[in-house]
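Engineer: Just dropping this structure here.
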C-alpha cells in the first residue's frame, strides 16, 4: 500500500494493517474499545451509553460489547492458526482460565491487531496503547509476548479529570483514570527528554536559589490534562463519546517523535491523534470502521487547518452514486455520516422519522470560518436544542429520500435549533420547490451562503462530482 503524508481509511483495520509495509510508522497510538460491554452513541452532552439515548435517536458511534458467538469461535480458531507461537499459546491458555465469554472475545479481536502493529512499527518506533483497568493487565501480557518484556517502558496513568456528577454515584471507589501502556520496538528509540517537562507553578523558587529553566520533569502519573467530557464548556468537545484531548496526544507526539515522522492511529475515532499530528508537522494515517469517524476527521481538518477533502485521500468510502445507494440500503445512518463528510459538516446526531429501515434523518452543523477561531467546536452550536442567538450557522440534513412535505418540518427544525438555514441532500430530492421553502443547487455555479433563510437542496451527485468546500466558507482561510 502506498502511503501519503496524510491519509484516512474507512474500514476494518486488520486487513488494512496487513496491507501496510513493514516498519512504516515511527509512532503508533491506539485507543481501542475498552471492553466496557456498552454501546456508545453520539451526543452533544455527556457520552450516551447503553439505552440512554433520547427518544427517536438512532445514532450509534460504536459498539463496545463483545458477546461470544459462533462467528467469534471461528475467529478464535483462525487466530490460533495465524498467530506467532507466544501469543497463540497465551490465548489458548486464557481460554482455559476465562472460558468463552466477552473478555476472551475482546482479546480474540485485539491480539491479531497487536501482532500486525508490531510488524508495521519502525525499528526505532514507539507504541502507546490507551486502555483502562478492565483489560489493561491482559493486554500487557500479550504485548510482552509480542514485543518482549524488555521492550516495555512504562505504564502511564492519566487522571482524566475531577470526580463529579454521575461518576460519584457509583457504589465503589470512583474510577477516574485511564492506562497508557508504552512500548518500543527496540533499545534504540526516540525520546525527546527536553519535551518531557512542564512549567513550574507560578511563584516557584528553587531551594538554595538559582533557576531550573527546564521545569518539572513529567512522571508517569498525568493529572494536568483533562478530558473534554469533564469540562462542561469545553469548545474541544465534539460529541464523540470517547474523544481524547488533543493536548494528551500532543504530549505523546512531542516526546516520542520528531517533525516529519509518520504516525498511525488504527482506531481513529474522533481524530484527536490526527489533529495533534497535523499541528506538530507529523505525517499521519488514521483507520476506522465508521463513516462517523471520517466525518469527524474531515470536519476538524477543514475548520482547524483549512484541509478540504482534496488535500488528503479517504479510502474505503462510496465513490459513485451506485455505491452510495448500496450504503443507504445497508445502513442509512452510516450513509448519512458519509454524506455529511462530503460537506465537512460536524455530525450532530440521527433521528428516526417513522417505521422502516430507511426512515432516518442524519443531522450536522456547518459553521462559518469567522465563527471558529482556533478551537474545535464552534460556539454557535446549541446545547440540548437551546437556540444560540446571533450566531449564523447552517443545519445540514441527510435523508435517503427528501419529499416536498418534509421541507416545512425541516425549516421548523432549524428554527428550533437556532440555525439560520437548512442544507438538505439525499438520493432523491423534490424536482422543484416553491420559493418560500427552498432552492435547488447544482445547476450552474453554486452560491453560498444564500442571503435568504429556508431550506436549500443540493443533489448528492453534485457533492460527489466536485468539492464545494471553498464555496461553503464565508471568507478565505488564513494561510497555513
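In this note's numbering, the protein residues as written are 959 to 1438. Built from N, CA and C at the ideal position, the CB exists for glycine as well.
1. Buried or exposed: which applies to residue 1351, given that a residue is buried once 16 or more other Cβ atoms fall within 10 Å of its Cβ?
2. Does DSSP put residue 1180 in a helix, in a strand, or in coil?
3. Rounding to the nearest angstrom, what Cα-Cα distance links residue 1109 and residue 1041 in this structure?
4. With DSSP run on the structure shown, which of helix, strand or coil describes residue 1257?
5. Spatial neighbours of residue 1381 within its chain, please: C-beta separation below 6 angstroms, excluding the five flanking residues on both sides.
6. Pull the bridge partners of residue 1281 from the DSSP assignment, please.
7. Going by DSSP in three states, residue 1111 sits in which element: helix, strand or coil?
8. Any idea what DSSP makes of residue 1293, helix, strand or coil?
9. With 16 as the cutoff for other CB atoms within 10 Å, does residue 1012 come out buried or exposed?
10. Return the CA-CA distance between residue 1102 and residue 1269, expressed in angstroms with no decimal places.
11. Could you say if the segment 1258–1272 and the segment 1024–1032 meet the contact criterion of at least three C-beta pairs nearer than 8 angstroms?
12. Between residue 1356 and the ligand COA, is the CB less than 6 angstroms from at least one heavy atom?
13. Identify, in the order they occur along the chain, each residue of the same chain with its Cβ nearer than 6 angstroms to the Cβ of residue 1071, setting aside the five sequence neighbours on each side.
14. Please classify residue 1219 as buried or exposed, where buried requires at least 16 other C-beta atoms within 10 Å of its C-beta.
15. What's the C-alpha gap between residue 1357 and residue 1247?
16. Rounded to whole angstroms, what is the Cα-Cα separation between residue 979 and residue 959?
17. Looking at the structure shown, is residue 1238 part of a helix, part of a strand, or coil, going by DSSP?
18. State the DSSP-derived secondary structure class of residue 1083, mapped to helix, strand or coil.
19. Measuring alpha carbon to alpha carbon, tell me which of 1294, 963, 1140, 1217 ends up nearest residue 1107.
20. Just how far apart, CA to CA, sit residue 1289 and residue 1418?
21. Could you tell me how far apart the beta carbons of residue 1132 and residue 1121 are, in whole angstroms, since I believe they sit closer than 8 angstroms?
22. Kindly indicate the opening and closing residues of the alpha helix (DSSP H) around residue 1102.
23. Distance check for residue 1306 and residue 982, CA to CA, integer angstroms please.
24. Rounded C-beta distance between residue 1144 and residue 1082? I'm assuming under 8 angstroms.
25. Going by the beta-carbon positions, is the gap between residue 985 and residue 1084 smaller than 7 angstroms?
26. Between residue 1318 and residue 1291, is the Cβ-Cβ spacing less than 7 angstroms?
Structural biologist: Walking through what the data contain:
1. In summary, residue 1351 is buried, with 16 or more beta-carbon neighbours lying within 10 Å of its beta-carbon over all protein chains present.
2. Correct three-state label for residue 1180: strand.
3. Straight-line Cα distance between these residues: approximately 19 angstroms.
4. Helix.
5. Excluding positions up to five away in sequence, the list reads 1352, 1354, 1414.
6. For residue 1281, DSSP records no beta bridge to any residue.
7. Three-state DSSP puts residue 1111 in a strand.
8. Reduced to three states, the DSSP call for residue 1293 is helix.
9. Only weak support is given to the placement of residue 1012: the predicted model assigns it a pLDDT of 43, under 50, and the value that follows is read from those uncertain coordinates. So residue 1012 counts as exposed.
10. Straight through space, the alpha carbons of residue 1269 and residue 1102 are spaced by roughly 39 angstroms.
11. The segment 1258–1272, when compared against the segment 1024–1032, does not touch it at the 8 angstroms Cβ threshold.
12. Absence of the ligand COA is noted for the structure shown, with no ligands found whatsoever.
13. Excluding residues within five positions, the ones whose Cβ falls inside 6 angstroms are 972.
14. It counts as buried.
15. Going by the C-alpha atoms only, they are around 21 angstroms apart.
16. Each residue's Cα considered, the two are about 7 angstroms apart.
17. It is coil, neither helix nor strand.
18. In this structure, residue 1083 counts as strand in the three-state DSSP scheme.
19. Comparing alpha-carbon positions, the option among 1294, 963, 1140, 1217 lying closest to residue 1107 turns out to be 1140.
20. Their Cα atoms are separated by approximately 17 angstroms.
21. That belief holds up - the Cβ atoms of residue 1132 and residue 1121 are roughly 5 angstroms apart, short of 8 angstroms.
22. In the DSSP assignment, residue 1102 falls within the unbroken alpha helix (DSSP H) covering 1094–1105.
23. Near 35 angstroms, if we compare the C-alpha coordinates of residue 1306 and residue 982.
24. Confirmed, Cβ separation roughly 7 angstroms.
25. Closer than 7 angstroms, so yes.
26. Between residue 1318 and residue 1291, the gap from beta carbon to beta carbon is short of 7 angstroms.
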